[in-house]
Each structure stands twice: as structure tokens, then as C-alpha cells.
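Since the structure comes first, as C-alpha cells, the remarks are kept for the end.
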Amino acid sequence: MKSSLSPTRTTTPESVPLLDLRRQYESIREDVLTAIARVCDSQSFILGPEVEALEREIATLTGADCAVGCASGTEALWLALVAAGVKPGDSVITTAFSFFASASAIVRAGATPILMDVDPGTLNLDPALVEQRLRTKPTKKIGAVLPVHLYGQCADVDAFVRIAQEFRLAIVEDAAQAIGAEWRGRPAGSLGAVAAFSFYPTKNLSAYGDAGIVTTSDPEMAEHMRRLRNHGSPRRYYHEEFGWNGRMDAIQAAVLRVKLRHIACWNESRRQHAGAYDRLLADAGLSARECNAPVQLLTRSPHAKHVFHQYVIRAERRDDLRKFLADRKIGTEVYYPLPLHLQPAFAYLGLKAGDLPVAERAAQEVLALPMFPELTDSEIRWVVENIAEFYS
Ligand SMILES: Cc1ncc(COP(=O)(O)O)c(C=O)c1O
């Protein structure tokens with residue numbers, strides 16, 4: 000495969016990491032350390048004013064009326080499901096192609112996940128299949144549908160809203176990878192009944208440890224989640240139901256508040272990098288749609304404002320390509336190598352290989368390329384040159 004990239008390349012990077020948080024830290028170091036010192040000076044380490052301030056700021060960003068800080072994205076999903084009314088014995092529809100927590104949180108809420116296949120273009124939960132399932136196999140007590148905004152692109156919200164209204168389901172957004180993403184100009188976090196975000200260190204908005212948040216415009220749901228994250232306790236040492244310790248640390252909130260000021264700019268940089276990858280892959284003849292190109296790009300919905308938590312390609316001979324790039328110190332990752340229905344933990348659902356073919360094929364082809372706001376043009380160019388060399 001002929002590459003037209005070399006003439007404009009200026010330097011050859013020694014390595015290109017999948018993610019380099021150190022570069023981000025260098026740009027905000029003073030502000031982060033000041034924020035952490037503020038928490039230490041206050042001696043208020045759990046919930047409190049920092050978490051409350053973050054909750055207000057995230058509510059504003061997502062367009063939801065309320066936000067409830069918690070210990071992780073996984074905890075956020077559990078809070079969201081319980082607050083949405085999912086009860087032990089219910090079922091919840093979700094995607095088979097996501098991180099384990101999207102489905103394990105359903106199990107933790109006492110419900111059974113109905114794992115379904117994904118759209119072949121976007122790899123997000125396929126609403127047509129969900130609708131077909133609901134029409135042809137009516138199941139009692141389906142409490143919610145939980146679409147994941149995979150890689151930072153919103154699932155087909157129009158379709159899920161229609162389905163949710165017709166079948167009276169709550170939409171629980173798994174927005175763990177999608178802070179700042181939008182659907183028809185509306186932010187992730189206010190597209191369903193309730194939404195869960197993760198601030199795991201690799202996420203677009205990331206803490207210096209574990210943290211998460213839930214957003215909703217229903218104040219009763221928000222109050223319920225505030226109790227649930229704190230042992231079901233509306234006031235100290237009085238417990239109305241069984242919650243858990245799912246509280247957020249003040250230090251994490253303080254760090255997140257520093258980073259929140261930059262998130263719009265960082266997400267914009269990610270979009271620009273994605274545009275550069277798109278162009279360079281096409282220019283190198285790697286991703287042409289008409290011929291048998293070795294690389295396929297995922298479909299971008301015209302209604303979605305993507306935040307490229309990951310820039311993912313589908314690649315022929317994916318594992319060989321990954322090794323070739325690793326030998327040249329270029330970091331990549333496979334999100335996800337085994338769909339959820341084939342995970343041993345979900346064997347009890349009775350699904351087998353071949354049942355969800357789109358997710359299974361995606362698991363063999365997807366490859367996430369280096370993506371973070373501080374990535375440079377020459378690094379992107381170098382990644383694409385090496386992909387071109389592999390397929391030459
Ligand atoms: C789609 C998705 N859902 C849920 C989670 C769980 O978030 P956390 O790791 O913060 O518990 C993650 C992140 O790891 C995720 O990517």
C-alpha cells in the first residue's frame with residue numbers, strides 16, 4: 000500500500016503512547032496541587048462542599064437539574080438503575096459490546112441483563128433489535144433499557160426515546176465514556192431518565208483515583224441516590240433502606256473541578272485528532288470505502304457530537320497489526336476482546352458464540368489508536384505511516 004504521508008512528516012517520535020496523562024498533568028499541575036491543598040486545609044475528605052460544587056458544575060454541563068457524586072462509574076450505574084425503579088427479578092436490556100460494568104451493575108441491582116447485539120456501523124446498541132425483541136418476545140418486568148454511548152458517541156437516542164415511551168421503560172444512559180457528548184445539541188446526561196458517568200483515570204474527564212457521578216432532572220430520584228450512596232441514610236445513623244458506601248472523596252472532586260474548566264477544549268482537540276486520523280488514513284488509501292480496504296472507520300451519526308474517548312478502527316489481521324505497532328512502541332488497545340454474552344460470568348444467561356454476531360465480529364476487529372488531547376500531529380502521522388507500512 001502506497002503512503003503519501005512521508006514528505007510532510009517532520010520528526011519521528013520514539014514512541015506514541017495510547018494515553019499520556021503526564022502531559023495533561025504538566026499543563027495543570029499548579030492548579031491541581033492548589034486544589035488538593037485546599038481539601039487538606041479544610042480537613043473535609045468525603046462529600047462536603049467540594050463534591051457539592053462539582054455536582055452543581057456537572058449538572059450545568061449536562062443540562063440535568065441534579066447530579067450526585069459517587070465512588071465510581073460502576074457505582075453510578077447501580078445508583079441509576081435502582082433510582083430508575085429496577086427491582087430484583089426485573090430484566091434490563093443492554094448492549095453485549097461494552098465494559099463489563101454496563102451489565103454487572105444490572106446484576107448488582109438484582110436484575111437480569113438482556114444482552115443484545117449492536118449496530119454494525121456505530122457498534123452502539125441496535126434499537127431495531129431492541130424493538131423487535133420487545134414486540135416478539137414480551138417479557139414481564141423489563142425495568143429499563145441501558146444504552147452505552149460507546150467510545151464517546153451517543154447511541155441512537157431518538158429511537159430509544161420512542162421505544163421507551165411505547166414500552167414504558169426508563170432510559171438509563173451509560174455515559175461513562177461520553178462526558179461532553181451531545182445528541183441533536185443536547186448533552187449526554189440529560190437524554191434519558193438518569194445517566195451514569197465514570198471519572199476513571201483514562202476517561203475524558205478523569206480523577207486521580209476512582210470516582211463517578213449520576214445525573215437526572217428528577218429531584219426525587221436524585222434524593223434517593225443521595226441516600227443510597229450513603230447506606231440508605233437520610234440523616235446520620237438512621238437508615239431507611241439498604242444502600243452502600245458509594246460516596247465520592249473531596250480530593251477527587253477538587254481535582255475534577257480543575258479539569259472541568261478544560262473539558263470543552265480537550266474534547267475539541269480530540270475531535271481534531273480524529274479528523275486528522277480520518278484524513279491521513281484515507282490519503283494513505285487504507286480506509287477507502289469502495290475497495291477492500293484493510294481498515295474500516297466506524298459510522299458517525301450526523302446527530303451525534305462525538306467526544307472520541309477512543310478513536311477506534313476495525314482492522315484486518317488486527318492482532319498482527321497490534322503487535323507490529325507495539326514493536327514500534329505505538330500503544331493500542333482492544334475495547335473489547337470478548338463480548339459480554341461470552342464472558343464466563345454471564346454463562347448463566349445461556350447465550351453462546353454465534354448468537355450476537357455483530358458484537359462477536361467487532362471484538363475480533365476493533366483497535367483503539369493513541370488518543371488524548373495533547374497528542375501531536377507528527378505522532379498521529381507516525382501512527383498512520385506505520386499502519387500503512389504494515390499493510391504495504
Ligand atoms: C462503558 C463503561 N461503563 C461503566 C464503566 C465503569 O466505570 P468505573 O471504572 O469508573 O467503575 C466504564 C469504565 O471503566 C465504562 O467504560
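Here numbering that gives the first Met the number 0 is used: the first residue of the sequence shown is 0, the next is one more, and so on.
Just so it is clear, CB atoms sit at the ideal spot from N, CA and C, and this is done for glycine as well.
Are the CB atoms of residue i and residue j nearer to each other than 9 Å?
| i | j | result |
| --- | --- | --- |
| E373 | S26 | yes |
| E29 | G211 | no |
| A177 | F196 | yes |
| V306 | L122 | no |
| L259 | L204 | yes |
| F371 | L18 | yes |
| D248 | F44 | yes |
| D314 | V357 | Residue 314 is actually Ala in this sequence, not Asp. No; because the gap between Cβ atoms is not below 9 Å, this pair is not in contact. |
| A174 | A187 | yes |
| L348 | E359 | no |
| L296 | V382 | no |
| V91 | A143 | yes |
| R228 | C69 | yes |
| S14 | K322 | no |
Please classify residue i as buried or exposed, where buried requires at least 16 neighbouring CB atoms within 10 angstroms.
| i | result |
| --- | --- |
| N266 | buried |
| A344 | exposed |
| Q363 | exposed |
| Y236 | exposed |
| E54 | buried |
| S41 | exposed |
| E181 | buried |
| T10 | exposed |
| P338 | buried |
| S71 | buried |
| Q251 | buried |
| S3 | Low local confidence applies: a pLDDT of 49 at S3 is under 50, so the model's placement there is unreliable, and no value is given. |
| A104 | buried |
On a CA-only basis, which of the options is nearest residue i? Give me that one, please.
| i | options | result |
| --- | --- | --- |
| P126 | G142, V333 and I162 | I162 |
| R226 | V365, H238, K86 and I170 | H238 |
| V117 | I386, V91 and L355 | L355 |
| A346 | V193, Y24, P112 and W77 | P112 |
| R269 | F98, Q152 and A108 | Q152 |
| R107 | G120, L124, A95 and D89 | D89 |
Rounded to the nearest angstrom, what separates residue i and residue j at their Cα positions?
| i | j | result |
| --- | --- | --- |
| A303 | D155 | 9 Å |
| E378 | R21 | 16 Å |
| R132 | T93 | 12 Å |
| F389 | P293 | 10 Å |
| H261 | A66 | 19 Å |
| G242 | L145 | 21 Å |
| A79 | V171 | 7 Å |
| H230 | V254 | 25 Å |
| P369 | R234 | 46 Å |
| A273 | A52 | 32 Å |
| D209 | N244 | 14 Å |
| L32 | R256 | 12 Å |
| A194 | A82 | 11 Å |
| M0 | V333 | Confidence at M0 is low in this model, with a pLDDT of 46, below 50, so the placement of that residue is unreliable and no value is reported for it. |
| A387 | T298 | 21 Å |
| A95 | K351 | 12 Å |
| N385 | G191 | 41 Å |
| G62 | L168 | 21 Å |
| R317 | T331 | 11 Å |
| P87 | I35 | 40 Å |
| G84 | P218 | 14 Å |
Spell out the partners DSSP gives residue i in its beta bridges.
| i | result |
| --- | --- |
| E172 | A194 |
| P16 | In DSSP, P16 forms no bridge with anything. |
| N229 | N244 |
| P186 | E181 |
| R234 | Y237 |
| L366 | I312 |
| T94 | M115 |
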